[in-house]
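Just below is one structure, and these are the notes that go with it.
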Amino acid sequence: MDDVIRVVRRRLLRWYKKYQRDLPWRHTRDPYTILVSEIMLQQTQVERVIPKYHAFLRAFPTVKVLANAKTADVIRMWKGLGYNRRALFLQRAAKVVCDEFSGVFPDTLKELITLPGVGDYTARAVMSFAFEKKVPMMDTNHRRFYTRVYYGIKDVSDKDLLITAEEVFSKCRAYDWNQALMDFGSTICLTRVPKCGICPLQEHCKAYPKILTSKVFKKKKKKQSVRFKDTDRYYRGQIVDILRGEKRVLIHSLQSRFSDIDSIRFNEIVLKLAKDGLIIKGRKYIKLPQ
Ligand code: SF4
């Protein structure tokens, strides 16, 4: 195993050196900026995040500016990224950093996961990408890589994968390693159709022989998915979008714009938005939180 670990490490880092993506958040070690990028990347693709990342940082260049901003402005600036609650969490995290850590970002897992919207993975990402700490990370790209290369095609617990990860990168720059796995997982070791033919790790990958013969990886199954336009998330986004352009909106007139859903569902969506803190609901009007 030691030899395999060494070879895989060397090959992957060599691959990364040649093919790494030039992403704006790789030019900084500012924990605030890294956190902004990580929260944006949680559910949005890199290409869509890049322009929004620049615009957001122009509007809120420091953690203090974000903490003191009007929440409505933060939600407005989130337009186009989806999952608007992330904007709220990000601002709440900024407030906690300012109020409880005197504006200085914490650098431990224990403290980072106390920030709103920051889970285990995001905390590790900030530790690794801002503070260059030697911590393994486990997002879908990392998980897929460790599983396939070291275990084959089977389910492995995150606990075991983290142990493997610790072993694997104990002798390399954790920053490069973690970034390399992000790029490798998004461009080569893809979920459904991994590009094993051009993969530098092919001969050491436990999953490779099985992938060669498995039908699962050959055909793209057509998923029976629900149309986005039929989901509550779609209507939530639409309502917040309307509010981005208005000071306040009459609930009654807003409802008439959504004649394709019944009033019970509309009211439930509005109530949930209010409960999540994304809107303020009065008796007649709704608006973004100020
Ligand atoms: S050989 Fe295929 S499955 Fe294995 S690491 Fe490379 S791309 Fe992923």
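First residue of the sequence shown: 1, per my numbering; consecutive thereafter. Ideal Cβ placement from N, Cα and C applies to all residues, glycine included.
Residue i beta carbon near the ligand SF4 (any heavy atom closer than 7 Å)
| i | result |
| --- | --- |
| Tyr208 | yes |
| Cys205 | yes |
| Lys18 | no |
| Arg148 | yes |
| Leu161 | no |
| Pro194 | yes |
| Gln255 | no |
| Ile5 | no |
| Ile211 | yes |
| Leu201 | yes |
| Ile188 | yes |
Residues that residue i bridges to, as DSSP identifies them
| i | result |
| --- | --- |
| Val249 | Ile286 |
| Lys171 | In DSSP, Lys171 forms no bridge with anything. |
| Ile280 | Lys287 |
Start and end residues, alpha helix (DSSP H) containing residue i
| i | result |
| --- | --- |
| Ala69 | Looking at the DSSP string, Ala69 is not in any alpha helix (DSSP H), and its letter there is neither H nor E. |
| Ile269 | 263 to 275 |
| Ile39 | 31 to 41 |
| Glu203 | Element bounds for Glu203: n/a, residue is neither H nor E. |
| Lys18 | 2 to 19 |
| Thr122 | 120 to 129 |
| Tyr234 | 232 to 244 |
| Thr140 | 140 to 151 |
| Phe56 | 46 to 59 |
| Phe89 | 85 to 100 |
| Leu112 | 109 to 112 |
Residue from the options with nearest C-alpha to residue i
| i | options | result |
| --- | --- | --- |
| Val104 | Phe131, Gly80, Arg85 | Phe131 |
| Lys18 | Val96, Gly277, Pro200 | Pro200 |
| Lys52 | Lys154, Ser259, Leu81, Arg244 | Leu81 |
| Val193 | Ser170, Ala180, Tyr208, Glu203 | Tyr208 |
| Val240 | Arg227, Phe266, Lys287 | Lys287 |
| Gly245 | Asp232, Tyr175, Tyr235, Asp73 | Asp73 |
| Leu115 | Tyr121, Phe101, Val96 | Val96 |
| Leu212 | Arg92, Ile153, Phe56 | Ile153 |
| Lys275 | Thr140, Asp262, Pro289 | Pro289 |
| Asn141 | Ala125, Thr191, Thr122, Ile163 | Thr191 |
| Lys333 | Gln179, Tyr150, Ser102, Asp99 | What is shown of the chain runs 1 to 290, which leaves residue 333 out entirely. |
| Arg265 | Trp78, Arg236, Arg92 | Arg236 |
| Gly277 | Tyr285, Phe89, Asp155 | Phe89 |
| Met77 | Ala94, Ala93, Val168, Leu57 | Leu57 |
| Arg29 | Tyr121, Ser256, Phe129 | Phe129 |
| Cys205 | Val8, Val149, Gln20, Pro31 | Val149 |
| Arg86 | Cys98, Thr71, Glu100 | Thr71 |
| Gln255 | Lys247, Arg233, Phe228, Lys284 | Lys284 |
| Trp25 | Arg11, Ile5, His54 | His54 |
| Asp262 | Gly282, Asp232, Lys247, Ile280 | Asp232 |
| Ala174 | Arg9, Asp3, Asp2 | Arg9 |
8 Å Cβ cutoff, residue i in contact with chain C
| i | result |
| --- | --- |
| Val249 | Annotation note: the requested chain C is absent from the structure, which comprises a single protein chain. |
Three or more C-beta pairs closer than 8 Å, one from the region 176 to 196 and one from the region 133 to 148: is that the case here? yes
Is there contact between the region 103 to 118 and the region 6 to 24, where contact requires at least three CB pairs shorter than 8 Å? no
Any chance the region 250 to 260 sits against the region 268 to 287, with 3 or more Cβ pairs inside 8 Å? yes
With a cut-off of 8 Å, do at least 3 Cβ pairs link the region 81 to 95 to the region 40 to 56? yes
Quick check: the region 50 to 67 against the region 22 to 40, are at least 3 beta-carbon pairs closer than 8 Å? yes
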